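Okay, structure first, notes after.
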Amino acid sequence: MSSIFIGELAGTASLIYLGNGVVANVLLKGTKGHQTGLLAIAAAWAFAVTIGIFISTYFGSPGAHLNPIVTIAGCAKSGDWSLFSTYVGGQLLGAMLGQLLVWIHYHPHYQVTEDPGAIKASFCTDPAIKSWPFNFISEAFASALIIVALGTFSTIEHGLGPFLVGILVWAVGLALGGTTGYAVNPARDLGPRIMHFILPIPHKGKSDWEYAWIPVLGPSAGALIGAYLLTLNS
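The sequence shown begins at 1 in full-length UniProt numbering and counts up by one.
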């Protein structure tokens, strides 16, 4: 069984299972990776993207978007939005499934972690300093860079693509992730945030819906900016 929807769901679920899995490993109480820091998080997220691309492709999505900003940029450039809901629906459900796997995997550690900030960080993003205009700009600019870089990768040998995307995400995480935690993916933030709201976790605190629009609309705006920049050289 394979299709674009299944491919996006499987790939995004794998991405979140590994990506938020490392955040849980670093932040939750009593794990083997407790307090290993941003370098571990950025590296694992990069590898998670590469692995997610291979899984998504295998299960039927040759584009392996895994991220609504890639879908938005592609639709904006082509003018064809007919598959938008198929891609984004798979991505959002995949993100929710991947976060469910993280919760199950680290369930004993969620039970003993009393810091609501650490718990929420293993689900969704939160700015280091809350400044909505600059938080939005951080997400939009980083997302625009991702789209432009992805556009340049199309000129390079196809087999290197997943590894180049992983390197890109690694660089973005290390260089630009200090402000908002670099969501740069609306599904990656919204799906797990919904799961944070739903799942029965002691000491989890609020899901911060007041901020939730920024990691959705900021990256989406960045996708449109990146798509526009790419058209200037087409």
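Ideal placement from N, C-alpha and C gives every residue a C-beta, glycine not left out.
Values in this document were obtained by computation on a predicted structure and should not be read as measured data.
Going straight from the alpha carbon of residue i to that of residue j, what length do you get?
i: C75; j: S207; result: 31 Å
i: G63; j: A221; result: 21 Å
i: L199; j: G21; result: 16 Å
i: L27; j: Q35; result: 6 Å
i: G37; j: N233; result: 39 Å
i: G117; j: A95; result: 20 Å
i: G52; j: I129; result: 30 Å
i: G30; j: A227; result: 44 Å
i: I225; j: M195; result: 30 Å
i: F54; j: L15; result: 11 Å
i: Q111; j: I201; result: 7 Å
i: T179; j: L93; result: 27 Å
i: L66; j: E114; result: 32 Å
i: G11; j: I156; result: 23 Å
i: H107; j: N25; result: 11 Å
i: F153; j: G205; result: 41 Å
i: Q91; j: G177; result: 22 Å
i: V49; j: G166; result: 6 Å
i: T71; j: M1; result: 22 Å
i: P186; j: H109; result: 26 Å
i: L230; j: H203; result: 45 Å
i: F5; j: Y17; result: 18 Å
i: G181; j: V148; result: 20 Å
i: residue 240; j: P219; result: Because the chain is modelled from 1 through 234, residue 240 falls outside the range shown and cannot be assessed.
i: T86; j: I69; result: 14 Å
i: G161; j: F136; result: 28 Å
i: F59; j: S3; result: 7 Å
i: F134; j: L9; result: 31 Å
Under the three-state reduction of DSSP, which class applies to residue i: helix, strand or coil?
i: D189; result: helix
i: A64; result: coil
i: M1; result: coil
i: T12; result: helix
i: C124; result: coil
i: G79; result: coil
i: G7; result: helix
i: S143; result: helix
i: I137; result: helix
i: W209; result: coil
i: H196; result: helix
i: T113; result: coil
i: A183; result: coil
i: L150; result: helix
i: T31; result: coil
i: P108; result: helix
i: I69; result: helix
i: I201; result: coil
i: I129; result: coil
Which stretch, first to last residue, makes up the alpha helix (DSSP H) that contains residue i?
i: Y87; result: 84–105
i: Y228; result: 214–231
i: T50; result: 38–58
i: G166; result: 161–176
Point to revise | Inter-stretch contact (C-beta, 8 Å, three-pair minimum) for the segment 182–197 and the segment 118–137 | key: Verdict: yes, contact present.
Practice item. Take every Cβ of the segment 81–93, pair it with every Cβ of the segment 36–45, and state whether three or more of those distances are shorter than 8 Å. Key: When Cβ pairs closer than 8 Å are counted between the two stretches, the segment 81–93 is seen not to touch the segment 36–45, the count staying below three.
Point to revise | Segment contact, 8 Å Cβ cut-off, at least three pairs: the segment 141–156 with the segment 91–109 | key: Touching, no.
Review point. Quick check: the segment 212–232 against the segment 162–179, are there 3 or more CB pairs under 8 Å?
Key: No: fewer than three Cβ pairs fall under 8 Å.
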